[in-house]
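Student: Residue numbering for the sequence shown follows the numbering used here, starting at 29 and increasing by one per position.
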Amino acid sequence: MFELSESPLQKAILVQIYFPEKKGSFFSVNRFLEFKDLAVSSGAKISYEDQGKQKRPTAGLFISKGRAQRIKDLVQEFDSDLVIFNHDLSPSQERNLESLLQTRVLDRTGLILDIFASRAKSHVGKLQVELAQLSHLSTKLIRGWSHLERQKGGIGLRGPGETQLETDRRLINQRIKNIKNKLKKSHKQRAINRYSRNKGNQTLVALVGYTNAGKTTLFNRLTNNDQYIANKPFTTLDSITRRNAISGLDGILFSDTVGFISDLPTHLVESFKATLDELKYADLLIHVIDISDPDYHFKINQVSKVLEKLRISHIKQIKVHNKCDKTEIKDFKDLSSSTKGEVWISAQNNIGIEELKKAINYYSEKIRKEVWIKIDTSLGNVRSKLYSLGRVIEERTTDSGLIQLHLEIGEKELNNLLSIKGIQLDNSIIKEAI
Ligand code: GDP
Ligand code: MG
Numbered sequence: 029m030f031e032l033s034e035s036p037l038q039k040a041i042l043v044q045i046y047f048p049e050k051k052g053s054f055f056s057v058n059r060f061l062e063f064k065d066l067a068v069s070s071g072a073k074i075s076y077e078d079q080g081k082q083k084r085p086t087a088g089l090f091i092s093k094g095r096a097q098r099i100k101d102l103v104q105e106f107d108s109d110l111v112i113f114n115h116d117l118s119p120s121q122e123r124n125l126e127s128l129l130q131t132r133v134l135d136r137t138g139l140i141l142d143i144f145a146s147r148a149k150s151h152v153g154k155l156q157v158e159l160a161q162l163s164h165l166s167t168k169l170i171r172g173w174s175h176l177e178r179q180k181g182g183i184g185l186r187g188p189g190e191t192q193l194e195t196d197r198r199l200i201n202q203r204i205k206n207i208k209n210k211l212k213k214s215h216k217q218r219a220i221n222r223y224s225r226n227k228g229n230q231t232l233v234a235l236v237g238y239t240n241a242g243k244t245t246l247f248n249r250l251t252n253n254d255q256y257i258a259n260k261p262f263t264t265l266d267s268i269t270r271r272n273a274i275s276g277l278d279g280i281l282f283s284d285t286v287g288f289i290s291d292l293p294t295h296l297v298e299s300f301k302a303t304l305d306e307l308k309y310a311d312l313l314i315h316v317i318d319i320s321d322p323d324y325h326f327k328i329n330q331v332s333k334v335l336e337k338l339r340i341s342h343i344k345q346i347k348v349h350n351k352c353d354k355t356e357i358k359d360f361k362d363l364s365s366s367t368k369g370e371v372w373i374s375a376q377n378n379i380g381i382e383e384l385k386k387a388i389n390y391y392s393e394k395i396r397k398e399v400w401i402k403i404d405t406s407l408g409n410v411r412s413k414l415y416s417l418g419r420v421i422e423e424r425t426t427d428s429g430l431i432q433l434h435l436e437i438g439e440k441e442l443n444n445l446l447s448i449k450g451i452q453l454d455n456s457i458i459k460e461a462i
């Protein structure tokens, strides 16, 4: 087995602090385990785990001087290459810590970006990660510069330092521009693909959820696919959309995408915007939850926050409680309610999928609305198709011989129908009903 990351394992010290005064800060064993998972995924060998409590972060070092000094001793004792914080540090905090500890310091955003970089496989995926890394780097350079200027009074210390910084910044900005252009081209292609898909009148169901919840496992079940699954965060970076492969679900496309995590770095969200924007076109979301995870409540909230950030929280959602096999819950299939959009499954063991199917059908049908259309008598084939699909609620004939149909139909299907010559919306009957 080869490691994903090319560099040899880095000996790392992990730091996580609990700040009782900070909103949303809490002690959680699982939060630390997730942090450890992230660190190990990025190729770290953990030499020491430092968890502590502090009133609030300090401006200069983030942690207290005493703790920083202790970590410095630990760095020497274990000959560590790296100290990783499960928090976001300001550029100056990161620099101050590096100069005190005499070793590299990585914050949570840096860590997540590093994992994304090692996971990206497709051309577009790699570009998106590079864009996020460069944007992250450029904010550090800019702030780093003003910080130096202030501290050292600027004058006298300029010269080679300034030129180097400015060159770096210019090169980074050029590269950012270049990547953005390349991404723009590939997004155009995506838009074209989306257009042809819409014409095909399919319902798009997107799987969303916290990383490692089992989205890809479920996606593979639903589409009979063999996407790579691993018990590691962020195995899936590129979105993939495929037709459903289960009988009884017609015209449904499923889409699997990158998982979410708490405090998802802003630069990542922005860089992956195009990939995540695909979610905007979903008719229905399947929110996959790892119910065996003691922190699942917290993670549901985190996912909801990201959905809000992406402005897609209004899309109908089915909550899929996955990994029931790992819990004490017996007969979990019976807990499912297709009408409430709550389903309990084990994607890995293929249990509860039938109930999920019912929920998907129920919800995609609910997306239909009622309309009246006028249809030319020459379009008898379209009329009988609508009957055979069960879309017709009522039929009337006008004095002038036009057929009026009362339909229950999905948005996309209706738009396709209205693009046929000889078919129009008929608002007269709606008025009559009012
Ligand atoms: P994703 O990050 O949400 O796409 O998650 P994956 O589908 O890659 O799965 C993450 C891990 O959870 C893998 O080790 C899967 O084998 C495991 N997993 C997925 N579904 C289940 C399940 O129903 N039960 C159990 N016990 N494990 C599961
Ligand atoms: Mg996945």
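Where a beta carbon is used, it is the ideal one built from N, C-alpha and C, also for glycine.
With a CB to CB cut of under 6 Å and the five nearest residues on each side skipped, what residues in its chain are close to D116?
Tutor: Translated into the one-based positions of the sequence shown, residue 116 becomes position 88. In the same chain as D116, and ignoring 5 residues on each side of it, the C-beta atoms closer than 6 Å to its own belong to D135, R136 and T137, in chain order.
Student: In the DSSP assignment, find the unbroken beta strand (DSSP E) run with L42 in it and report its ends.
Tutor: Position 14 of the sequence shown, counted from the start, is the residue given in the question as residue 42. Segment Q38 to Y46, the beta strand (DSSP E) holding L42.
Student: Let me check you understand the geometry: is the CB of D65 closer than 7 Å to at least one non-hydrogen atom of the ligand MG?
Tutor: On the sequence shown, residue 65 is found 37 positions in, with the first residue counted as 1. No, the ligand MG has no heavy atom inside 7 Å of this Cβ.
Student: Candidates T425, S406, I437 and F282: which alpha carbon is nearest S416's?
Tutor: On the sequence shown, position 388 is the one that residue 416 refers to. Considering only alpha carbons, the answer is I437.
Student: Compare the C-beta of K347 against all C-beta atoms of chain D and say whether one is closer than 8 Å.
Tutor: The structure shown has no chain D; it contains just one protein chain.
Student: Measuring only from the beta carbon, is D284 closer than 7 Å to any heavy atom that is part of the ligand MG?
Tutor: Within the sequence shown, numbered from 1, the residue matching residue 284 stands at position 256. Yes, the beta carbon of D284 sits closer than 7 Å to at least one heavy atom of the ligand MG.
Student: Any heavy atom of the ligand MG closer than 7 Å to the Cβ of I243?
Tutor: On the sequence shown, position 215 is the one that residue 243 refers to. The question names Ile, but residue 243 is Lys in the sequence shown. At least one heavy atom of the ligand MG is nearer than 7 Å to the Cβ of K243, so yes.
Student: Go ahead and pull the three-state DSSP assignment for K386.
Tutor: As a working mapping, residue 386 is identified with position 358 in the sequence shown. Helix, per DSSP.
Student: Mark I451 as exposed unless 16 or more other C-beta atoms lie within 10 angstroms of its C-beta, in which case mark it buried.
Tutor: Translated into the one-based positions of the sequence shown, residue 451 becomes position 423. Per the 10 Å Cβ criterion, buried.
Student: Going by DSSP in three states, V286 sits in which element: helix, strand or coil?
Tutor: Taking the sequence shown and counting its residues from 1, the one referred to as residue 286 is at position 258. In the structure shown, V286 adopts coil according to DSSP, grouped into three states.
Student: Give me, in chain order, the residues of the same chain whose beta-carbon lies closer than 6 Å to that of L265; leave out the 5 immediate sequence neighbours on both sides.
Tutor: For the purposes of this step, residue 265 is taken as residue 237 along the sequence shown, with counting starting at 1. Cβ within range, chain order: R147, A148, G153 and V286.
Student: In terms of alpha-carbon separation, which member of T426, V157, G237 and R396 lies closest to R203?
Tutor: Here residue 203 corresponds to residue number 175 of the sequence shown, with the count starting at 1. Considering only alpha carbons, the answer is V157.
Student: In or out: Y238 buried (at least 16 other Cβ within 10 Å) or exposed?
Tutor: Walking along the sequence shown from the start, residue 238 turns up at place 210. Buried, because 16 or more other Cβ atoms sit within 10 Å of the Cβ of Y238.
Student: Tell me, which residues are paired with L134 by DSSP?
Tutor: The residue given as residue 134 occupies position 106 in the sequence shown. Answer is I112.
Student: Excluding the five sequence neighbours on either side, which residues of its own chain have a C-beta within less than 6 Å of the C-beta of Q13, listed in chain order?
Tutor: The chain is shown from 29 up to 462; residue 13 falls before or after that span and cannot be answered.
Student: Could you please give me the residues that DSSP links to R197 through a beta bridge?
Tutor: For the purposes of this step, residue 197 is taken as residue 169 along the sequence shown, with counting starting at 1. Per DSSP, none; premise fails for R197.
Student: Using the DSSP secondary-structure output, state which residues sit across from Y76 in a beta bridge.
Tutor: To locate residue 76, count along the sequence shown from 1; it is residue 48. The partner list for Y76 (beta bridge, DSSP) reads I41.
Student: Which ranges does the beta strand (DSSP E) cover as unbroken runs of at least 3 residues, wholly within the region 270 to 348, from first to last along the chain?
Tutor: Annotation: the region 270 to 348 contains the following complete segments of the beta strand (DSSP E) (minimum length 3 residues), in chain order: 280 to 284 and 312 to 318.
Student: So A96 and L128 are supposed to be a Cβ contact under 8 Å. How far apart are they, rounded?
Tutor: Reading the sequence shown from its first residue, position 68 is the one you call residue 96. Reading the sequence shown from its first residue, position 100 is the one you call residue 128. Yes, A96 and L128 are in contact; Cβ-Cβ is about 6 Å, under 8 Å.
Student: Using the C-alpha atoms, what's the distance from N209 back to E370?
Tutor: The count along the sequence shown starts at 1 and reaches residue 370 at position 342. The count along the sequence shown starts at 1 and reaches residue 209 at position 181. Cα to Cα, E370 sits roughly 42 Å from N209.
Student: Report whether the distance from the Cβ of N377 to the nearest heavy atom of the ligand GDP is below 7 Å.
Tutor: One-based indexing of the sequence shown puts residue 377 at position 349. Result yes, Cβ under 7 Å from the ligand GDP.
Student: Could you tell me the distance, in whole angstroms, from the CA atom of V43 to the CA atom of S69?
Tutor: Locating residue 43 in the sequence shown gives position 15, counting from the first residue. Locating residue 69 in the sequence shown gives position 41, counting from the first residue. Approximately 16 Å, taken between the alpha carbons.
Student: Counting C-beta neighbours from all protein chains within 10 Å, is the total for T426 16 or more, i.e. buried, or is it exposed?
Tutor: Within the sequence shown, numbered from 1, the residue matching residue 426 stands at position 398. With fewer than 16 Cβ atoms within 10 Å of its Cβ, T426 is classed as exposed.
Student: Nearest CA to the CA of K308: which residue from D323, L232, N350 and F113?
Tutor: Here residue 308 refers to the residue found at position 280 when the sequence shown is read from its first residue. Looking at the Cα atoms, L232 is the closest of the given residues.
Student: Output the distance between the C-alpha atoms of G71 and T263, rounded to the nearest integer angstrom.
Tutor: Here residue 71 is taken as the residue at index 43 of the sequence shown, counted from 1. Here residue 263 is taken as the residue at index 235 of the sequence shown, counted from 1. One C-alpha to the other measures close to 14 Å.
Student: Hey, is T263 close to the ligand MG, as in C-beta under 7 Å from one of its heavy atoms?
Tutor: The residue you call residue 263 lines up with position 235 of the sequence shown. Under cutoff, so the answer is yes.
Student: Taking DSSP as the reference, what is the three-state secondary structure of Q452?
Tutor: Position 424 of the sequence shown, counting from 1, holds the residue named residue 452. Q452 falls in the strand class under three-state DSSP.
Student: What are the start and end residues of the alpha helix (DSSP H) that includes L265?
Tutor: Your numbering for residue 265 matches position 237 in the sequence shown. Taken as a continuous stretch (DSSP letters only), L265 belongs to no alpha helix (DSSP H), as it is neither H nor E.
Student: Reducing DSSP to helix, strand and coil, say where I357 ends up.
Tutor: Numbered from its first residue, the sequence shown carries residue 357 at position 329. Three-state result, I357: coil.
Student: Roughly how many angstroms lie between the CA atoms of D196 and L110, to the nearest whole one?
Tutor: Locating residue 196 in the sequence shown gives position 168, counting from the first residue. Locating residue 110 in the sequence shown gives position 82, counting from the first residue. Taking the straight line joining both Cα atoms gives about 24 Å.
Student: With burial defined as no fewer than 16 other Cβ atoms inside 10 Å of the residue's Cβ, what is the status of E122: buried or exposed?
Tutor: As a position in the sequence shown, residue 122 is number 94, starting the count at 1. Classified as buried, E122 has 16 or more neighbouring CB atoms from the shown chains inside 10 Å of its CB.
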